[in-house]
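**Student:** I have a structure I would like to understand better, so I am pasting it below and will then ask my questions one at a time.
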Amino acid sequence: MIHMNNVTKVYPNGSTGVENINLHINKGEFVFIVGSSGSGKSTLMKLLLKELDPTEGDIVINRVKTNELSRKQIPYLRRNLGVVFQDFRLLPNKTVYENVAFAMRVIEAPSRIIRRNVPAVLALVGLGKKGRSYPNQLSGGEQQRTALARAIVNNPPILICDEPTGNLDPETADGIMQLLDDINKRGTTIVMATHARDIVDAMQKRVVTLQNGHIVRDIEKGGYSDEA
Amino acid sequence: MRPSTIKYFVREGLSGLKKNLLMTMASMVAVAACISILSFSYCVGSNLQYMLNQMEDSIGISVFLKGELTGEQIENMKTEIGKIDHVESVEYISPTDALDELKQDWGADEDIFVGLDNENNPLSHSFQISLDSIENQNGVLTALENVDGVENVRHGQTETELLLKANRIFSVASVIVMLLLGVISVMIIMNTIRISVVNRRVEINIMKYVGATDWFIRWPFIIEGIIIGLVGAVVPLLLGFPIYAKVTSAIFQYLPVIKFIQFRLTGDVFGFLIPFGVIFGIGLGVIGSVTSIRKHLRV
C-alpha cells in the first residue's frame with residue numbers, strides 16, 4: 346500500500362529531514378511512527394502527503410509513484426489519504442455537520458450522497474447528536490472526533506494521523522485511539538506519528554522509530570521503546 | 308460542474324465579499340470609476356464621430372469659378388476635379404440653380420432678391436464637391452489650388468479641424484485615463500482578493516488536504532472578482548442611461564445654436580455601452596482575482 350524506497354529529503358538550507366528511508370506498509374496495517382522532536386517524523390508525514398518531494402528515492406502510494414505526479418494530479422492522490430492533525434484544523438464558522446460535509450463538497454460529491462454519508466460517519470465517531478454544534482461548543486475530544494469524521498467521510502484507504510492525541514487528556518486520547526482501532530479493523534491502513542508512549546505501549550501495533558532522520562527500529566508488534 | 312457545486316462557489320464568493328466589506332466597496336467604486344470614464348469617453352467620442360459623419364454628409368467643398376468660362380471649360384474642370392484623390396463626386400451648380408436654391412433657403416424673406424433674375428444674376432458658376440472622408444479635406448484643397456479657372460473655395464475647414472482635433476485629443480486622453488483607472492481597479496481588486504485568501508487560509512489548507520483541485524479552490528475567488536466587476540459596472544451604466552438622455556435634451560433646449568447637429572440616440576449609445584461595459588467590468592474583476600490568486604495562493 347505504501348512503499349518508501351531509499352528516500353532522502355534534504356531541505357534547501359542543507360539540513361537533512363530524513364535519510365535513506367526504506368519503509369513498506371501493507372494494506373490494513375496500523376503503524377506508529379515514533380521518535381523525539383527533530384527525528385524526522387514530520388518530514389516523513391509531509392512526504393507521504395506530498396507536501397514535500399523527496400530529494401532522492403521513490404514513494405509509491407496505492408500503486409502510484411508520487412514523484413511522477415504533476416501538480417494537477419496531487420488532489421487525486423490526496424483523496425486516498427485521510428488526514429488528522431494535532432490541532433484539529435476545524436472551520437470555526439461551520440457546524441460539525443458542515444465541517445464533515447465540506448470534505449465531500451470539495452471532491453464534488455452529489456448532495457444526496459453527502460446527506461446520506463455525513464450523519465452515518467458522525468454516528469460512527471459518536472457525534473450523532475452534535476451535528477448542529479459549532480467547534481467552540483465542543484470538547485477537545487469531540488473536536489478531534491469531528492476531524493476524524495472529516496478524514497474518513499470520503500472512505501480513504503489510508504489515514505495519516507499527525508499527533509492526533511497531542512492536545513487531549515489521557516482519557517479522551519484513549520477514546521480516540523479506540524476509534525482509530527475500529528476504523529483500522531474496517532480495513533483502513535493507518536499511519537500515526539506520535540510522542541505518546543502510553544498509547545503506543547497499550548496498542549501493541551507495528552512501531553517504526555526514527556532518530557536523526559534514520560529508521561533505527563521497526564518492530565511488528567510492540568511498545569514505544571521495547572529493547573531500545 | 309454540478310449545480311450544487313456552482314451554488315457552493317457563489318455562496319462562498321458572496322461570503323468572502325461580505326467578510327471583507329470595506330475593501331469590497333473600495334474595489335467596486337474603483338471599477339465604477341473606470342466604467343464611468345469609459346462610458347463618458349464613449350458618449351462624447353462617439354458623438355464627436357457622429358457629428359463628423361454628419362458634416363461629411365452635409366458639408367462638402369464649394370468651388371466658385373471665374374465668370375467668363377465656356378460650357379466646355381466647365382466640363383473639363385469638372386473632369387479634372389473628379390480625378391483628384393478622395394473626391395467622391397462633383398456636382399455642377401449653375402448661377403440660375405444657385406439663385407433658386409438661395410431663394411428657397413430664405414423662404415418668406417425671398418423679397419430681398421427682388422430684381423435678381425437670370426439676366427441679372429451676381430452668382431457664379433460653382434461645383435459642389437463631396438469627399439470620401441472629411442479628414443482628407445486639406446489634401447483636396449491643395450489640389451484645387453492647381454486647377455485653372457477657380458475663383459475661390461469655401462469649406463467648413465475651421466469647424467471640421469476643430470472637431471477632428473477635439474476627437475483625437477479626447478480619444479487619446481480617455482484611453483490614457485481609462486488605462487490608468489483600469490490598472491488601479493485591478494490593483495485594488497487584487498488587494499481585496501488577497502485579503503480574502505488570507506482570511507480563508509485555514510479553509511484552503513484543509514481543502515488541499517482533502518483533495519480539492521486547484522480550480523475548486525480558485526473559483527470562489529474568481530466569483531468574488533466577477534461580482535465586484537459586475538456591480539462596479541452595472542451601477543454607473545444604469546445611472547448613465549437617464550443622465551445621457553437628460554444632458555442631450557438639455558443641450559438642445561438651452562443651446563439652440565447647435566441645433567444643426569444631432570446627438571446619437573440614448574438607446575443606440577447604451578445598446579453598445581451596457582454589454583461592453585459589463586464585459587469590461589467583469590474582465591477587470593477576473594484579471595484582478597486571477598492575478599491575485601496566482602500570486603498569493605500556492606495551490
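Just so you know, the sequences run in chain order P and H. Using this note's numbering, read the first sequence as starting at 346 and increasing by one per residue. Using this note's numbering, read the second sequence as starting at 308 and increasing by one per residue. Every residue gets a Cβ at the ideal spot worked out from N, C-alpha and C, and that includes glycine. Note that the structure is predicted; figures quoted are calculated from it, not measured.
(1) Quick check: is the beta carbon of K386 of chain P nearer than 9 Å to any beta carbon in chain H?
(2) Output, in chain order, the set of chain H residues within a Cβ distance shorter than 9 Å of Y421 of chain P.
(3) Which value, in whole angstroms, describes the spacing of the CA atoms of A540 of chain H and F570 of chain H?
(4) Just curious, the beta strand (DSSP E) that E458 of chain H is in, first and last residue?
(5) What's the call for T510 of chain P, buried or exposed, on a 16-neighbour Cβ count within 10 Å?
(6) Tell me the DSSP secondary structure of S369 of chain H in three-state form.
(7) With three or more C-beta pairs closer than 8 Å as the rule, is the region 400-407 of chain P touching the region 447-465 of chain P?
(8) V585 of chain H by DSSP, collapsed to three states: which one?
(9) Near R424 of chain P, what residues of its chain come up, given a Cβ to Cβ distance below 8 Å and the 5 sequence neighbours on each side ignored?
(10) Where V561 of chain P and G473 of chain P are concerned, what is the direct C-alpha to C-alpha distance, given to the nearest angstrom?
(11) Taking 6 Å as the limit between beta carbons, can you name the residues of its chain near A541 of chain P, skipping five residues before and five after?
(12) Cβ closer than 9 Å: which chain P residues qualify as neighbours of T312 of chain H?
(13) Alpha carbon to alpha carbon, what distance is there between P480 of chain P and R531 of chain P?
(14) Using a Cβ-Cβ distance cut-off of 9 Å, determine whether R416 of chain P contacts chain H.
(15) Under a Cβ-count criterion, where at least 16 other Cβ atoms within 10 Å of its own Cβ denotes burial, should I483 of chain H be classed as buried or exposed?
(16) Just checking my contact of G367 of chain H with I530 of chain H at CB under 8 Å: how many whole Å lie between their CB atoms?
(17) What does K550 of chain P pair with, by DSSP beta-bridge criteria?
(18) Considering only their Cβ atoms, is the gap separating I581 of chain H from L544 of chain H smaller than 9 Å?
(19) Does the beta carbon of F447 of chain P sit closer than 9 Å to a beta carbon anywhere in chain H?
(20) Quick check: what's the CA-CA separation for S387 of chain P versus R450 of chain P?
(21) Output needed for K372 of chain P: all residues of its chain with C-beta closer than 8 Å, excluding positions within five of it in sequence on either side, in chain order.
(22) Any C-beta of chain H sitting closer than 9 Å to the C-beta of N407 of chain P?
(23) Count the other C-beta atoms from every protein chain shown that fall within 10 angstroms of the C-beta of I535 of chain H, then say buried if there are 16 or more, exposed otherwise.
(24) Which residues of chain H have a Cβ atom closer than 7 Å to the Cβ of S456 of chain P, listed in chain order?
**Tutor:** Taking the coordinates as given:
(1) Taking the first sequence and counting its residues from 1, the one referred to as residue 386 of chain P is at position 41. Not one chain H Cβ lies under 9 Å of K386 of chain P.
(2) Here residue 421 of chain P is taken as the residue at index 76 of the first sequence, counted from 1. Here the neighbours are G518, T520.
(3) Here residue 540 of chain H is taken as the residue at index 233 of the second sequence, counted from 1. Here residue 570 of chain H is taken as the residue at index 263 of the second sequence, counted from 1. Cα to Cα, the separation comes out at about 24 Å.
(4) Mapped onto the second sequence, residue 458 of chain H falls at position 151. First-last of the beta strand (DSSP E) with E458 of chain H: 457-461.
(5) As a working note, residue 510 of chain P is residue 165 in the first sequence. T510 of chain P comes out buried.
(6) As a first step, residue 369 of chain H is located in the second sequence; it is residue number 62 there, counting from the start. Three-state DSSP puts S369 of chain H in a strand.
(7) no
(8) Here residue 585 of chain H refers to the residue found at position 278 when the second sequence is read from its first residue. Here V585 of chain H sits in helix by DSSP.
(9) The residue given as residue 424 of chain P occupies position 79 in the first sequence. Excluding residues within five positions, the ones whose Cβ falls inside 8 Å are I452, N499, P501.
(10) Walking along the first sequence from the start, residue 561 of chain P turns up at place 216. Walking along the first sequence from the start, residue 473 of chain P turns up at place 128. Those two C-alpha atoms are separated by around 42 Å.
(11) Reading the first sequence from its first residue, position 196 is the one you call residue 541 of chain P. Counting only Cβ-Cβ distances below 6 Å, and skipping sequence neighbours, we find T510.
(12) By one-based count along the second sequence, residue 312 of chain H stands at place 5. Near T312 of chain H (Cβ distances below 9 Å), the residues of chain P are R450, E453.
(13) Indexing the first sequence from 1 puts residue 531 of chain P at position 186. Indexing the first sequence from 1 puts residue 480 of chain P at position 135. Distance between the alpha carbons of R531 of chain P and P480 of chain P: 27 Å.
(14) To locate residue 416 of chain P, count along the first sequence from 1; it is residue 71. R416 of chain P counts as touching chain H.
(15) The count along the second sequence starts at 1 and reaches residue 483 of chain H at position 176. Its Cβ having fewer than 16 others within 10 Å, I483 of chain H is exposed.
(16) Mapped onto the second sequence, residue 367 of chain H falls at position 60. Mapped onto the second sequence, residue 530 of chain H falls at position 223. Not really, about 55 Å apart at Cβ, beyond 8 Å.
(17) In the first sequence, counting from the first residue as 1, residue 550 of chain P sits at position 205. BP columns for K550 of chain P point to P:G567.
(18) As a working note, residue 544 of chain H is residue 237 in the second sequence. As a working note, residue 581 of chain H is residue 274 in the second sequence. In contact: L544 of chain H and I581 of chain H (Cβ atoms closer than 9 Å).
(19) Position 102 of the first sequence, counted from the first residue, corresponds to residue 447 of chain P. So, interface residue.
(20) Taking the first sequence and counting its residues from 1, the one referred to as residue 387 of chain P is at position 42. Taking the first sequence and counting its residues from 1, the one referred to as residue 450 of chain P is at position 105. Using only the alpha carbons, I get a separation of about 28 Å.
(21) Taking the first sequence and counting its residues from 1, the one referred to as residue 372 of chain P is at position 27. Closer than 8 Å at Cβ, skipping near neighbours: M346, P502, G532, T534.
(22) Counting from one through the first sequence, the residue named residue 407 of chain P turns up at place 62. It does not: the Cβ of N407 of chain P has no partner Cβ on chain H nearer than 9 Å.
(23) Sequence index remark: in the second sequence, residue 535 of chain H carries index 228 (1-based). Counting Cβ neighbours within 10 Å, I535 of chain H comes out buried, since at least 16 surround it.
(24) One-based indexing of the first sequence puts residue 456 of chain P at position 111. S311, listed in chain order.
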